[in-house]
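Asker:
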């Protein structure tokens, strides 16, 4: 398996579990009490969040050690800078989301839970939409292989 294929496979794993956690309904209602099912769901959400944090740290380590694929030459410089900014924010959120979730869930800081669920989650969805639109623009407008690199390597 080439380094580009490993890069895409590992990226797909992170993407899948991030989407799983984003789509998993809020496990504990803000009433202060929770059913057994809600607690089980919250535990799954928390464990997946820890896995996301570990995988993102490993992914960032790979980016430093192996580098990243070059940007396509037909990509305008302003778009390249925007792409880099989106990636910085995505990685920042993929670290901040599990961190705030763990502080809220394990340490009981409700404000961290509010930031986690009400602010960071919305920002993450917006960045995901922007990321997908950017990939589609690369595929259909600039006719680059970015979408293929993101999905299959």
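Numbering (our numbering), first residue to last: 11 to 163. For every residue, glycine included, the Cβ atom is placed at its ideal position computed from N, Cα and C. These numbers were taken from a predicted model, which means no experiment stands behind them.
Tell me whether the beta-carbon of residue 126 lies closer than 7 Å to the beta-carbon of residue 110.
Answerer: For residue 126 and residue 110, yes; Cβs fall inside 7 Å.
Asker: Give the DSSP-derived three-state secondary structure of residue 131 in the structure shown.
Answerer: The answer is helix: DSSP assigns residue 131 an H, G or I state.
Asker: What would DSSP say about residue 124, mapped onto helix, strand or coil?
Answerer: Helix, per DSSP.
Asker: To the nearest angstrom, how far is the alpha carbon of residue 106 from that of residue 130?
Answerer: Straight-line Cα distance between these residues: approximately 8 Å.
Asker: Determine the closest residue to residue 160 out of 152, 153 and 142, with distance taken between C-alpha atoms.
Answerer: Of the candidates 152, 153 and 142, the one whose C-alpha sits nearest the C-alpha of residue 160 is 142.
Asker: In whole angstroms, give me the CA-to-CA distance for residue 88 and residue 29.
Answerer: Straight-line Cα distance between these residues: approximately 28 Å.
Asker: How would you label residue 95, buried or exposed, when you count the other beta carbons within 10 angstroms and need 16 or more for buried?
Answerer: So residue 95 ends up on the exposed side.
Asker: Out of 151, 61 and 55, which one is the CA nearest neighbour of residue 32?
Answerer: Taking only the C-alpha atoms, the option nearest residue 32 is 55.
Asker: Would residue 164 and residue 24 be called neighbours here (beta carbons separated by less than 7 Å)?
Answerer: Lying before the first or after the last residue shown, residue 164 is absent from the chain, which here runs from 11 to 163.
Asker: To which residues of the same chain is residue 133 closer than 7 Å at the C-beta, ignoring the five residues directly before and after it?
Answerer: The residues are 103.
Asker: Express the C-alpha separation of residue 52 and residue 41 in angstroms, rounding to a whole number.
Answerer: Because residue 41 carries a pLDDT of 49, less than 50, the predicted location of this residue cannot be relied on, and the following value inherits that uncertainty. Spanning the two alpha carbons is a distance of roughly 15 Å.
Asker: With DSSP run on the structure shown, which of helix, strand or coil describes residue 110?
Answerer: In the structure shown, residue 110 sits in a helix (DSSP, three-state: H, G or I).
Asker: Could you check if residue 108 is buried or exposed, using at least 16 other CB atoms within 10 Å of its CB as the buried criterion?
Answerer: Looking at its Cβ environment, which holds 16 or more other Cβ atoms inside 10 Å, residue 108 is buried.
Asker: Could you give the distance in angstroms between the alpha-carbon of residue 81 and the alpha-carbon of residue 151?
Answerer: Cα to Cα, residue 81 sits roughly 15 Å from residue 151.
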